Structure formats: structure tokens, C-alpha cells
Amino acid sequence: MFKKLAVLAVILLSGALLIGLFRKDDDKVEEENFENVTIVGEEDDKVDDTGDKVDENDDPVLDEPDDEGSDADNTVVDMPDEDTVTTDPVEEEQIVTDAGELTIGTASSADGASVVGYSYEVAGGKFMFEWKVRASEDKPYPMIKVYQLEDGTLMAEYGDLVKDYVAKEETVTDLGNQLPELTWMPTDSGSSYKFAFTSEKSFELKTDDRGEDGLWIILEVTL
32 MFKKLAVLAV
42 ILLSGALLIG
52 LFRKDDDKVE
62 EENFENVTIV
72 GEEDDKVDDT
82 GDKVDENDDP
92 VLDEPDDEGS
102 DADNTVVDMP
112 DEDTVTTDPV
122 EEEQIVTDAG
132 ELTIGTASSA
142 DGASVVGYSY
152 EVAGGKFMFE
162 WKVRASEDKP
172 YPMIKVYQLE
182 DGTLMAEYGD
192 LVKDYVAKEE
202 TVTDLGNQLP
212 ELTWMPTDSG
222 SSYKFAFTSE
232 KSFELKTDDR
242 GEDGLWIILE
252 VTL
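Here's what the structure looks like:
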């Protein structure tokens, strides 16, 4: 009887050990599976510049241009960035020719000479008409010639430009404030500006480097 009880105890003890072993293995599997789980959160999602999630299967969305574009004002006409002069050019002096004409600047179309904007004002009894210009680093100012006709009309001519973004077509402009009527027009290789003064005027040409605001040629007329 004692032997039977001892054998039964051994059997029960062995069974308990086996059950504990299997349970331990099961726990190990569950633990291993938990450790290998990948938690997919927002940090694993691709996002665009606005922070929105992006579905890789979706087609890319391109920014559409604004239909309501703004018109350039009188002093700014957009040009490619590579045409911008980055140096600090020396201001140039006007030259008076034997015919009484004034000239300033030396750049031609070969130097990228262009007129890209204009502005004007009256101050201190003088009328200033200003052209915003671009050319090359060596020759930053396009060549312009100004002369007066017998009837008082003042003519300003650019003889050789890549393009004049102001005088793209013949246009008559009323400057107002008892200023002369202005007509600008393209020519074969440049452009011309006709200021309809009715009497002889004293005038001069200047250049001005305004840094980020660009390079300017100024026609100054004493009223």
C-alpha cells in the first residue's frame, strides 16, 4: 500500500512539473510575441509640408497658380533673377556731344541692357523721370541719349537694348500736374520717349545705385 502511494505521489509530482513547464513555455511565447509587435503610429506615417498624412497610393497634389495675379506698378517689372547686377557700380557722368545731346551709360544689348521699370516725380521745381535698368556687371547702365527739338520737345532714346519692358508698344501717357504729355514706343533696336514740352528747358542725366531697389537712370528737367 505504501509503495502504491509513493508511486502515485511521484506521478502527481511529475505531472505538476510538466504542467508548469508547458505554462512557462506558453508565457515565454506570449512575451516574445508582445516584444516583436510593431506599434504603427503617426511617426510611421508619411506627412507632407502641412503635416497631413500622405497616402502613397494617391497622386501628388501640385500647387495651382493664383488666378488673381497682381499687376506690376509703375516702378517694378519682373525680370529673371540671373539678370540682376550684384556689384556696386560706380556712378557714371553724363557726356555732352557737339550736337548738344546728353548721353550716359555704355551698355548695349550685348551686355544685357534692359529697361525694366519707371517712376517720376516733381520736387523743388524739377521734373524727374527715372528708368529702372539692368545690364552687366562691367557695364551696368544702358546707353541713353537725350536731346531737345526746336519746338521744346525733349527726346530720350535707348539705341540698343535687349528689351524695354516699359515701352513695349506705342503709348501716350498723361503725367498730370501740368506736366508734358509723354509718348513712349519701341524702335528697331531699342526705345524712345518723347516729352512734349513747348519751350526750351534745362536738363541733365544722372545714374543712381539704390541697392536692393536696383539701378536707375534719371532725367532731371528744370521747369
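When we follow our numbering, the leftmost residue of the sequence shown carries the number 32, and every step to the right adds one.
We put the CB at the ideal spot given by N, CA and C, even for glycine.
For clarity, every value in this text was computed on a predicted model and none was experimentally measured.
I need the straight-line Cα distance from residue i to residue j, nearest angstrom please.
i      : j      : result
Trp247 : Asp191 : 17 Å
Asp142 : Met216 : 22 Å
Lys199 : Ala144 : 15 Å
Gly207 : Ser150 : 14 Å
Val153 : Asp240 : 20 Å
Asp129 : Ser220 : 24 Å
Tyr178 : Leu254 : 16 Å
Leu236 : Val252 : 9 Å
Glu212 : Gly242 : 31 Å
Gly148 : Ile135 : 18 Å
Asn155 : Asp205 : Per the sequence presented here, residue 155 reads as Gly, with Asn not at that position. Cα to Cα, Gly155 sits roughly 21 Å from Asp205.
Thr137 : Val197 : 20 Å
Val203 : Lys225 : 9 Å
Glu168 : Asp195 : 19 Å
Leu210 : Phe158 : 8 Å
Ser233 : Val193 : 30 Å
Report the three-state DSSP secondary structure of residue i (helix, strand or coil).
i      : result
Ile248 : strand
Asp182 : coil
Ala166 : coil
Ser220 : coil
Glu140 : The residue asked about is misnamed: residue 140 is Ser in this sequence, not Glu. The answer is helix: DSSP assigns Ser140 an H, G or I state.
Gly148 : strand
Glu124 : coil
Glu243 : helix
Glu161 : strand
Val153 : strand
Val197 : coil
Leu236 : strand
Leu213 : strand
Ala187 : strand
Pro173 : strand
Leu192 : coil
Thr253 : strand
With residue i and residue j assumed to form a contact (beta carbons below 8 Å), what rounded beta-carbon distance in angstroms separates them?
i      : j      : result
Lys176 : Glu132 : 5 Å
Tyr172 : Thr238 : 5 Å
Leu250 : Ala166 : So it is not a contact: roughly 18 Å between Cβ atoms.
Val146 : Ser223 : Actually they do not touch by this definition, with Cβ atoms about 11 Å apart.
Ser140 : Met174 : The pair is not a contact, with the Cβ atoms about 10 Å apart (cut-off 8 Å).
On the DSSP letters alone, give me the boundaries of the beta strand (DSSP E) that residue i sits inside.
i      : result
Thr134 : 133-135
Thr229 : That residue, Thr229, is in no beta strand (DSSP E); it is neither H nor E in DSSP.
Val203 : 202-204
Looking at the C-beta of residue i, does it have a partner C-beta in chain D at a distance below 7 Å?
i      : result
Pro173 : Here there is only one protein chain, and chain D is not present.
Inter-stretch contact at 8 Å, needing at least 3 Cβ pairs: the region 161-169 / the region 124-134
no
Cβ contact check for the region 222-232 and the region 173-186: 3 or more pairs under 8 Å
They touch, by the three-pair rule.
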